[in-house]
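Below is one structure, written out as structure tokens, with a few remarks after it.
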Amino acid sequence: DLVKFNQLQFRKKQLKFARSRIHDWGLFALEPIAADEMVIEYVGQMIRPVVADLREKKYNEMGIGSSYLFRVDFETIIDATKCGNLARFINHSCNPNCYAKVITVEGQKKIVIYSKQPIDIDEEITYDYKFPIEDEKIACLCGAPQCRGYLN
Amino acid sequence: SVLVAMHDRAPQLKVCEDRLTVTGERGYCMARATHGAHYGSWFYEIKITDMPDGSHVRLGWSQELGNLQGPCGYDKFSYAWRSRKGTRFHESIGKHFTDGGYGQGDVIGMLIVLPKDD
Amino acid sequence: WSAFAPDFKELDENVEYEERESEFDVQDD
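Protein chains in written order, with the numbering used here: chain L, 769 to 920; chain W, 9 to 126; chain G, 99 to 127.
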């Protein structure tokens, strides 16, 4: 993982932020990406779950919603709401072309988005958010034939 | 003898060999003792042996359901007195309690008076 | 894209959040 992760650092994929058919804005490939390549790391602030719970309440009150909180493990959550990188703009799809994986690099856990299949130029980058099931539903707009209808 | 509990505490806290000294590094969390008070009047003392710059503590009483990943006084199951400014907390609401806080070298006494239920 | 989050801070890698002493307090007189 370390070697591959370093490749990611040097081989940052060319991506662009543009209008998305799925939801407002999204992330698109600016170069062809082969299957099983590291596309981008999901970067943000590392916080404890108890702090994430407080922020989730606060963000919901502010109308931001909590969709930039990404659980790494039982100790750490990555919060990309106020600071992070382009990865926070990747939309969800029920039939995604990427997937998220937690890897450990030099003792640090990182969330990395990998491609599942070859991705063409201008294709939108998507992954399954795998949100926990909740009562208050968020409609899914991915438009995939096997869309589950909700993000959560 | 009353000690700091080995399991009834946030795992990220460091408890010394004597199990009477607790140290936390990152963000508030809680350790409870091995014994609880169920009714009647109980009192315990804590000596603050070390308070590095920028460190703080909240001491008090917590029921077993108090969230260990938050400070004492975080939810409705615990009550705390803070070293900074001497504020008292319950359900994360701070209220004035003493003029000025406490710190290294102080001995803090905690009394609880619980009615004997029938 | 930062136009969509004016007070947004761009990061190259994860940063550890330093909790404040009053992180959990609802109000603190």
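Note that beta-carbon positions come from the ideal geometry of N, C-alpha and C, so glycine has one too. It should be emphasised that the depicted structure is a prediction, and the values quoted were computed from it without experimental measurement.
In the DSSP assignment, W/I116 is bridged to W/I54.
Nearest CB-CB separation between L/M814 and chain G: below the 7 Å threshold. When secondary structure is reduced to three states using DSSP, W/V65 falls in the coil class, being assigned neither helix nor strand. Comparing alpha-carbon positions, the option among L/I901, L/G812, L/W793 lying closest to L/T849 turns out to be L/G812. The alpha-carbon separation between W/R17 and W/L76 amounts to approximately 6 Å. The residue from W/D83, W/S91, W/W69 with its alpha-carbon nearest to that of W/S63 is W/S91. Of the residues assessed, W/V65 falls on the buried side of the cut-off, its CB having 16 or more other CB atoms within 10 angstroms.
Ranked by Cα distance from L/G911, the options L/R789, L/F785, L/K784 are led by L/R789. With a threshold of 16 other beta carbon atoms within 10 Å, G/V124 falls short and is exposed. By the neighbour-count criterion, in which 16 or more other beta carbons inside 10 Å mark a residue as buried, W/E72 falls on the exposed side.
Collapsing the DSSP output to three states places L/N859 in a strand.
Taking 7 Å as the cut-off, the Cβ atoms of L/V873 and L/I879 do not count as close.
W/K124 sits in coil when the DSSP states are folded into three classes, being neither helix nor strand.
By the CB criterion at 7 Å, L/K884 and L/C908 fall outside the cutoff. Contact between the region 102 to 120 of chain W and the region 32 to 42 of chain W is absent, with fewer than three C-beta pairs closer than 8 Å.
Annotation: G/D105 has no Cβ neighbours in chain W at a cutoff of 7 Å; minimum Cβ distance is about 23 Å. Taking every protein chain shown into account, the CB of W/C80 has 16 or more other CB atoms within 10 angstroms, so this residue is buried. With a threshold of 7 Å between beta carbons, G/E119 makes no contact with chain L. DSSP, reduced to helix, strand and coil, places L/R823 within a helical segment of the structure shown. Within chain W, the C-beta atoms nearer than 8 Å to that of G/D123 come from F97, S100, I101, G102, in chain order.
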